[in-house]
Every structure is written in C-alpha cells, then in structure tokens.
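Trainee:
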Amino acid sequence: PQIVRLADYRPSDFLIETVDLDVNLHPTATRVTARLSIRPNPDGREVAALVLDGEDLNLVSAAIDGGALEADALDVSPERLTIANPPRRPFELTIVTEIDPTANTRLMGLYRSNGAYTTQCEAEGFRRITYFLDRPDVLAVYTTRVEGPKDETPVLLSNGNLAETGEVGDGRHFAVWHDPHPKPSYLFALVAGDLGVVEDRFVTASGRDVALKVFVEHGREDRAAYAMDAIKRSMRWDEEAFGREYDLDVFMVVAVSHFNMGAMENKGLNVFNDKYVLASPETATDGDYANIEAIIAHEYFHNWTGNRITCRDWFQLCLKEGLTVFRDQEFTSDTRSRPVKRIQDVRNLRAAQFAEDSGPLAHPVRPQAYAEINNFYTPTVYEKGAEVIRMLKVLIGPEAFKAGMDLYFDRHDGQACTIEQFIACFAEVSGRDFDQFMLWYHQAGTPSVEVSTAYDAAEKTFTIEATQRVPPTPGQPTKAPAVIPMVVGLIGPDGRDLPLVVGGQPTDAVLALTSATTRVTFEGLKQRPVASLFRNFSAPVKLSADLTDDDYLFLAANDPDPFNRWQAGQTVALRNLVARVAALRTAGATPEEPRIADAVRRAFAPGETDHAFAAQVAALPSEGDVAREIGDDVDPDAIHAARRALKGAIAASLADEIAAAYARLEDTGPYSPDAASAGRRALKVSALDYLAADGGAEGVALAKALFDGATNMTDRIMALQVLSLHAAPDRDAALDAFAASYGSDPLLMDKWLLIQASAPLPDTLDRVRELTRSRYFDSGNPNRVRSLVGAFGANPTQFNRADGAGYAFVAETARALDGRNPQVAARLLGAFKTWRALEPGRRAKAEDALRTLSRAPGLSADVGDIVRRALG
Ligand code: HT7
Ligand code: ZN
Numbered sequence: 006p007q008i009v010r011l012a013d014y015r016p017s018d019f020l021i022e023t024v025d026l027d028v029n030l031h032p033t034a035t036r037v038t039a040r041l042s043i044r045p046n047p048d049g050r051e052v053a054a055l056v057l058d059g060e061d062l063n064l065v066s067a068a069i070d071g072g073a074l075e076a077d078a079l080d081v082s083p084e085r086l087t088i089a090n091p092p093r094r095p096f097e098l099t100i101v102t103e104i105d106p107t108a109n110t111r112l113m114g115l116y117r118s119n120g121a122y123t124t125q126c127e128a129e130g131f132r133r134i135t136y137f138l139d140r141p142d143v144l145a146v147y148t149t150r151v152e153g154p155k156d157e158t159p160v161l162l163s164n165g166n167l168a169e170t171g172e173v174g175d176g177r178h179f180a181v182w183h184d185p186h187p188k189p190s191y192l193f194a195l196v197a198g199d200l201g202v203v204e205d206r207f208v209t210a211s212g213r214d215v216a217l218k219v220f221v222e223h224g225r226e227d228r229a230a231y232a233m234d235a236i237k238r239s240m241r242w243d244e245e246a247f248g249r250e251y252d253l254d255v256f257m258v259v260a261v262s263h264f265n266m267g268a269m270e271n272k273g274l275n276v277f278n279d280k281y282v283l284a285s286p287e288t289a290t291d292g293d294y295a296n297i298e299a300i301i302a303h304e305y306f307h308n309w310t311g312n313r314i315t316c317r318d319w320f321q322l323c324l325k326e327g328l329t330v331f332r333d334q335e336f337t338s339d340t341r342s343r344p345v346k347r348i349q350d351v352r353n354l355r356a357a358q359f360a361e362d363s364g365p366l367a368h369p370v371r372p373q374a375y376a377e378i379n380n381f382y383t384p385t386v387y388e389k390g391a392e393v394i395r396m397l398k399v400l401i402g403p404e405a406f407k408a409g410m411d412l413y414f415d416r417h418d419g420q421a422c423t424i425e426q427f428i429a430c431f432a433e434v435s436g437r438d439f440d441q442f443m444l445w446y447h448q449a450g451t452p453s454v455e456v457s458t459a460y461d462a463a464e465k466t467f468t469i470e471a472t473q474r475v476p477p478t479p480g481q482p483t484k485a486p487a488v489i490p491m492v493v494g495l496i497g498p499d500g501r502d503l504p505l506v507v508g509g510q511p512t513d514a515v516l517a518l519t520s521a522t523t524r525v526t527f528e529g530l531k532q533r534p535v536a537s538l539f540r541n542f543s544a545p546v547k548l549s550a551d552l553t554d555d556d557y558l559f560l561a562a563n564d565p566d567p568f569n570r571w572q573a574g575q576t577v578a579l580r581n582l583v584a585r586v587a588a589l590r591t592a593g594a595t596p597e598e599p600r601i602a603d604a605v606r607r608a609f610a611p612g613e614t615d616h617a618f619a620a621q622v623a624a625l626p627s628e629g630d631v632a633r634e635i636g637d638d639v640d641p642d643a644i645h646a647a648r649r650a651l652k653g654a655i656a657a658s659l660a661d662e663i664a665a666a667y668a669r670l671e672d673t674g675p676y677s678p679d680a681a682s683a684g685r686r687a688l689k690v691s692a693l694d695y696l697a698a699d700g701g702a703e704g705v706a707l708a709k710a711l712f713d714g715a716t717n718m719t720d721r722i723m724a725l726q727v728l729s730l731h732a733a734p735d736r737d738a739a740l741d742a743f744a745a746s747y748g749s750d751p752l753l754m755d756k757w758l759l760i761q762a763s764a765p766l767p768d769t770l771d772r773v774r775e776l777t778r779s780r781y782f783d784s785g786n787p788n789r790v791r792s793l794v795g796a797f798g799a800n801p802t803q804f805n806r807a808d809g810a811g812y813a814f815v816a817e818t819a820r821a822l823d824g825r826n827p828q829v830a831a832r833l834l835g836a837f838k839t840w841r842a843l844e845p846g847r848r849a850k851a852e853d854a855l856r857t858l859s860r861a862p863g864l865s866a867d868v869g870d871i872v873r874r875a876l877g
C-alpha cells in the first residue's frame, strides 16, 4: 500500500482560487463541468505537470483558457489526471466529467439515497465528483449551479447563499449557490431531491438574520422540531461561550438515510444521518434526543473550528475534531448536567479510546503516517483529541484558555493550520512552554500513573508520589514522560476539602506531573487526609493508587468532586470484579465486598434527587472495563459471569429498596426529553435491571409489564433490552410485538436489531445470521449494518465465542461488504481492536479469522489497512 507521511508534506504547487461547478443531474450519467481558476503557488515548486486527484470518473473533456487539451497533453489514470506543461501564470482549467450516482455504493462523492442526490466529500470524496487538488490546504470560493428535473428534484441545494434560480425547459430547473468563504473541497456539498422542509430563523448577536432549514423525507417533518431547536441553542451558545457568530444568510441541515458516519459539517449545508435528526416522543429515546442535540451542536461548531479555520493536511485532523468534540462536550455540560456528562464521556473514552490505545490499532492523536485516511476517524483523534484540549485548559486556566482561543480565531481565520500553530496561540498568551505538552499529540498509548501516599503524623505532612509510564505501542517502543495535569484534593474526616499548602505557601490543586516520578509534600495536616486524585478526570490516564477500599468507600460517600465520588464507587466495584474473575477461573472462593452495595443504596434512596447522577453511580463497571483492568489473558465468559454475580448479590441485598425506588420513579405526565426527566427514567431502568438481574419470573414480569404499558420509546426500548438479557418466552413475544408495531420504521427496527445482536445468549449468532436475511436488514444501508453486525461485534461474550464463530462471522461479513462499501466494512473490523489481549484459545481463533481475511483477493485499501495493522 501507498503510505502518506506527515514528514513528506509539501505545499501544493498550484492553488485554486475559484471553482465554478455546473452539475447536471442524471441518475446514472450526471455531467459535471468544473471551471477552475488556477495559479502557481508562490510557496510551491516550479513543476512540469499539474496532477489532479480523481476516482471513478469518466473524463469527457479538458481545456485550458478555452482551448481543448489534446490527448497527448493529458494522462488519465484511475487515480489522477496529469496535465503536462501547464502555464506558469494564472489560467482557467475547464474539466467535464461524467459520474454515475446510482452505482455509487461507497457513499463517498455524489450518490443517491432514497431517490435524493447527496454528497459526502470528507476526506477524499470530492475527487469522485471532478478532478481536483483534493487536499484541505487548497481553499477556493465556490459557485455551484445545480440542474435537475423539477419533479424528482424540486429541492436543489449547495453551500453558501442562494444566488439565482430558474427554469431551463424540458421540465428541468436550476439553482445557483455562491459561498463567499474560501473552503477546502472536503466541505463541498450538494443535495437534490424531493424533500420536506421545516423552517425557522435566528438573529445573530450582531443582527444577521439567518434562515434555518431542516430538510427531511416527506412525512417526517414532525420529527425535525428538536433538531431545529438544537440548532438555535447551538448558535446562541457559540456566541456566548466562544464569541463565534454564524456567517451566511442560511444554515441548512439535510437528513439522509444512507450515510457512512454520523453527520458532516459542509459549509452552510450540514448533511446528517437521519438517525441524528429525526425524533418524536413516539419514536425516539432519551439517548436519541441527547445524541441529536450533541451532533447538531458538533457539526454547527465546526463552522469555526474546521471550516473558517481548517486543517493543513489530514494529519492535523484532531485540530478540528478534537477541538470540536471538546466544544460540543462543553455545550452539553452547560445545557444538561456537567458531572453526568463528564462521567458519560469518560465511560465512552475508556470503552472506545483506551481500548484502541491498548491494542494493535493504537496511534497518536496526530498520526505520523497513514495508508487510508478514512481509518483515522478514530476515538483517539476525536475523544483523546478533546481530552488534550481539556488538559491544556486545566494547565493554563480558563482565562488564558479563552485568550488563546480568541487569538487562534483572530490570527488564523481563513487559513489551513497545523497543531503547532494552534498550540502557539496558547503558548503566547500564557507565556508557557508547550514542548513537552506536544508529546500528547506525538505519543500513542494511555499513560499509567501509579500513586503512593504517605502520612507523617509527627511532621503533619502528606506526600503524594506519582510515577508515570507511557506503554510501548506499534512503531513507538520507547516513550518520554508526558506533562500530566493531576488535579488533587485532600479530604478531612468531615468530608471537606482541606487547604493545600506546599513549602509554606497555599497551592493550586493542579499538580503538573512532568517527570517519570513527581513527589509533592503537603503540610499542615493534623490527621491523615484521604487523597482525591485526578479530579474531574483531569488527564486521560490509568490510575492505580495505594488507596484502600476503605478510602475509596469514604470518597464514594464524601468527595466534593462529583466525578471522583462516582469514580471511587467504580474503583471498588472494579477491584472486586477482577478478584471475582480470578476466583472463577481458579475455582477459588468468591471475594465478597458487601459495602459496594452502599453506594448503590444511596443512588436508590428516596432523598436522592439527582437521578441522572444516581443512575451513573448505580451502574457497575462494564465488561469491557473489567477486561481492560485485567489487561491480558482475558476470558470474556468469566468476566460476564463475575459481573452478573455481583449484580445479583447487590440486587439481593437491596431488593426492597430497589423495588421501592422502581415504584417511586414511575413516569407520570406527558413525555419530555429534558435532562431531568431522562435522568429519572435512567435510574428507573437501572432499578429494573437489578430487579431482573437473576432472570427470575418476578423481575422478568416487571420488565414485560413496563414494555406492555410503556408510554414512551425510552421505557419500551429499555424494557426490551432488559427482557433480551434472558432467554425467557416473554422476550420473543415482546420482540414480535415490537416488530408488529414498528416494522415500517427502519430507525426503530435498528434498535430492535441492535438489542438482539447484543444479547449475551448462546443463540445470538444464529439469530444475527437469520436477521441478515430478514426484511429489516439491508447491507446497502450503513445504519442497518452497524445496528446488527456492528452491535454483534461489540457483544463481549458472543463475538468472543470460544469456538471462534463470532470472529469468523464478522470478518466474513466485512469481506462481503468490502466491494460495496469499504469504509463501513473496515469499521466493522474495529471489533478486533483488542484481540491480542484475549486468552490463548480465543486469541488463536481471532487471529485465524484475520489471517483468512487478509488472504482474500481484492481487499480495499480500507479493509486491507485495518487487517494489516491488526495483525501487526
Ligand atoms: N467531519 C466529519 C467526519 C467524516 C465523515 C462524515 C460522514 C461520512 C464520511 C466521513 N468521513 C469523515 C464528521 C464530523 O466529525 O463532524
Ligand atoms: Zn467533527
């Protein structure tokens, strides 16, 4: 494979200043005329040829300044168009290509989804529309004329502001869009179809009147209200929190049913997977509403972090993605509950990014090389990228952070930038040196921090010694110590924070761990305090500390930092789960820790009013959490059994309290997706999960009753999920009833597919195979594929069946899908990211499946790259 390296970056030899596109739509033969004003780049080289990127294009003609180029001046290959001896002055290149949107099953470039035309150009899709310098540092002003039949495509959209519309006869019409903001080709978009629209307005802080439009399939307009509301709230928040205003006369969101990822931030014309737009109380769960709000916000925030300031090259992807995830997380924290959002984000980071970082697919937040850029839209670039920004803020403080962001926006508006340019803004405003901090961008792997503490009663001092280690990762055998912000608190017996004094001076709670070992001695402590370490998860590290279970139980009850209050309970539970797994595997005695139930009891207590937080406290560490804590020789069945046993033990000891909570938390009144109501439902379902933990008739009956009597989709789905954990007849009856009610709604049937694919039951694989043949599945739709096969790949016990059939199924499904949609096929293989940590039997079976796949002929660059790296 061809490897692209950061070290080889060179500015483009040519720049494109304006792009005039004329797109004449036809289902199988769309004609694209691109008029490009090109000039040599003063920062580039003088070269003998202009090389344009292309893919799956039919070249019709090419001309320079109106003069047709003869065949001997052109070299056309599947991947590029080379024009020999281009002028060494500004010139106009006109290229006519023909493309087939119906045959485009990759969903990159221009394709048809449910009869509507749509585009996806990030990262390298524009080259599937026309030959181009398809790289993010070539910024151009686009004018796009779209022409299509009025009956099939009454709606014709592109980026920017609408400049002109008109009729062209033959039942065809056109629209011209002009986007005054120079942009890279990956932000180009075009949508055309017969779509319904919901409209509203927003007036920006400086008085710009912006038309807001959400386009959806006809008949779905009533499901667009929440997305529209989220757009307005995102716009206001970005003005208030970051001083960023919207900059066009119209902002549009289009929901499409065939989409490779979640959504895309094309300038002024965001295209969304319909699952992240459509919601109504009858069809959406609390989780759906939260996702819609967060993803609408994320894509909108890209308008400044990504669009106005973009990436110089794809190695800088975290410049826009890490920063925009950080911004959307802040938005949700301000909109909902900050501690709960932090806990959810950390759960997600650990599940997805820590897992990636610990295996063969580990890579730095800013990779050094790639074979296929599509495979680097990862939790490391996104979620760890956001953690790096958060650490920056913790280290320099909120005022300097804000000043650095303002400087970044002022200095780099309209540019394609690097991480170095971004970080330089913070160095400048804070006067700090960020050389060591840059290691967060260069070094892969999750640092582990080991903390030992010592109280000296005679000296009244408390010493914290922290030793960090960044593990080796593929291609990076040795690492240097990173700068790790450790926010600490010392808690006295009354549960209050004690003053922090070092060297006779009051000190900050932020300790910067910059060496392999850092030691800090706090003074003036009359009694041994309990240390609260990495408050609010101040760095993405794995902590192991010499705190006892007693200490953690104390923190779980008393820590003023809500994140660490939650974390402390998790830590005790995790320790116990690891010990249970060891006992199960050696037939040893079960290690009981009855006090774990205390934190759960508090969560279900009548006085607890923060239900969303309580639901987090009540949820045990996941099977993945336990697997990562164990690290190697992982036996997923033992982990599942241990977790089930602990859940059962807690349920048995708190049966009455939990039953009372379940009754108390019953829904009354009409459904509302607000955070408090969603929190109450989350805690109620958690109670149900405990009550049905043993699969006994009583608990299952409760779940069945909730399913039958549900007045909203959250309850219905949660009840179905609880039922699906147990092979009871009620489970199949409920699944059938759900299909009978919602069989015509694909987004709801995705939930139905996912629930069945996630069941920890031995018949799950057979069922999944059968479902691939059902009318609810469609391998051409990424949402269906992810809901069934993707969810199966995330099923800890059934993907990891000891006989290896789970591995073979996912690998074979990815191979079968590869010819059709390589990007989605490659993502399915993410299921293998921790295969090396498995016990030897499963490890061998997983390796077999990967090796068999690696030998399949004609693998795409996407799948080939993942398989090669996974086998490492
Ligand atoms: N910037 C986008 C990432 C993206 C994408 C989206 C849809 C289809 C293919 C894609 N390739 C890359 C989405 C985001 O992070 O906001
Ligand atoms: Zn993004």
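Heads up: the sequence shown runs through residues 6 to 877, numbered per UniProt numbering. By construction, the Cβ of each residue, glycine as well, lies at the ideal position given by its N, Cα and C atoms. Fair warning: this is a prediction, and the values are worked out from it, not measured in the lab.
1) Between which two residues does the alpha helix (DSSP H) holding G574 run?
2) Mind checking which residues open and close the beta strand (DSSP E) that includes G171?
3) Start and end of the alpha helix (DSSP H) containing M240?
4) Report the partner residues of T99 according to the DSSP bridge assignment.
5) Please list, in chain order, all residues of the same chain as residue 5 whose beta carbon is under 7 Å from its beta carbon, the five residues on each side excluded.
6) So, under 8 Å CB-CB, D291 and T719 are touching, yes? Tell me the CB distance rounded to an integer number of Å.
7) Determine the direct distance from the alpha carbon of E298 to that of S691, and round the result to whole angstroms.
8) Note down the Cα distance separating E598 from T310, rounded to an integer number of angstroms.
9) Quick check on the DSSP output: the alpha helix (DSSP H) that includes Q726 runs from which residue to which?
10) Could you check whether Q358 and K407 sit closer than 9 Å to each other, using their CB atoms as the reference points?
11) Anything with a beta carbon under 5 Å from a heavy atom of the ligand ZN counts; list them all in chain order.
12) Note down the Cα distance separating A739 from L26, rounded to an integer number of angstroms.
13) By alpha-carbon positions, which one of A849, L858, L725 and K838 ends up nearest to E363?
14) Run the proximity test for A268: is its beta-carbon closer than 8 Å to any non-hydrogen atom belonging to the ligand NAP?
15) With P83 as the anchor, note down where its alpha helix (DSSP H) starts and where it stops.
16) Can you give me the Cβ contacts of S211 inside the same chain, cut-off strictly under 7 Å, excluding the 5 residues immediately before and after it?
17) Please name the residue or residues paired with M410 in a DSSP beta bridge.
18) Quick test of your reading: V773 and H731, contact by CB under 8 Å. State the CB separation rounded to the nearest angstrom.
19) If I measure Cβ to Cβ from Y460 and keep anything under 6 Å in the same chain, skipping five residues before and after, which residues do I get?
20) Could you check what DSSP says for L217 in three-state terms: helix, strand or coil?
21) Take R332 and list the residues in its own chain whose beta-carbon comes closer than 6 Å to its own, dropping the five residues that flank it on each side.
22) Is E222 close to the ligand HT7? I mean its beta-carbon at under 8 Å from any heavy atom of the ligand.
23) In the DSSP assignment, what residue or residues form a beta bridge with S537?
24) With which residues is V488 paired in a DSSP beta bridge?
25) Do K188 and L217 have their CB atoms nearer than 9 Å?
26) Roughly how many angstroms separate the alpha carbons of E270 and Y281, rounded to a whole number?
27) Sort A463, K709, R721 and S749 by Cα distance to S736 and report the nearest one.
28) Return yes when at least one heavy atom of the ligand HT7 lies under 8 Å from the C-beta of A128, else no.
29) Looking at C-alpha atoms only, which residue of N265, R847, Y446 and R721 is the closest neighbour of E425?
30) Could you tell me if G450 is buried or exposed, where buried requires 16 or more neighbouring beta carbons within 10 angstroms of its beta carbon?
31) CB of F264 to nearest heavy atom of the ligand HT7: below 8 Å?
32) Closer than 8 Å: is that where the CB of Q358 sits relative to any heavy atom of the ligand HT7?
33) Could you pull the start and end residues of the beta strand (DSSP E) that M257 belongs to?
34) Which two residues bound the contiguous beta strand (DSSP E) that contains T526?
35) Please list the terminal residues of the continuous alpha helix (DSSP H) segment that includes H616.
36) Could you tell me whether the region 119–128 touches the region 841–850, using the rule of 3 or more Cβ pairs below 8 Å?
Mentor: Quick look at the numbers:
1) P567 to T591
2) N166 to G174
3) A230 to F247
4) Residue pairing by DSSP places T99 opposite R40 and A68 in a beta bridge.
5) Because the chain spans 6 through 877 in this model, residue 5 falls outside it and cannot be assessed.
6) About 5 Å separates the CB atoms of D291 and T719; that is less than 8 Å, so the two are in contact.
7) 23 Å
8) 48 Å
9) It spans M718 to S729 - the alpha helix (DSSP H) in which Q726 sits, taken as one unbroken run.
10) no
11) E326 and T329
12) 52 Å
13) Going by the sequence as given, residue 363 is Ser instead of Glu. The shortest Cα separation from S363 among A849, L858, L725 and K838 belongs to K838.
14) For the ligand NAP, the structure offers nothing, since it holds only the ligand HT7 and the ligand ZN.
15) Neither: P83 is in no alpha helix (DSSP H) and is coded neither H nor E.
16) E250
17) Per DSSP, none; premise fails for M410.
18) At roughly 18 Å, the Cβ-Cβ gap does not stay under 8 Å, so V773 and H731 are not in contact.
19) F467 and R533
20) strand
21) F306
22) Not one heavy atom of the ligand HT7 lies closer than 8 Å to the C-beta of E222.
23) S537 is bridged to G494.
24) According to DSSP, which records beta bridges pairwise, V488 is partnered with nothing at all.
25) no
26) 13 Å
27) The question names Ser, but residue 736 in the sequence shown is Arg. Minimum Cα distance to R736 is reached at K709.
28) yes
29) Y446
30) Looking at its Cβ environment, which holds 16 or more other Cβ atoms inside 10 Å, G450 is buried.
31) yes
32) no
33) V255 to V261
34) T522 to F527
35) H616 to A623
36) no
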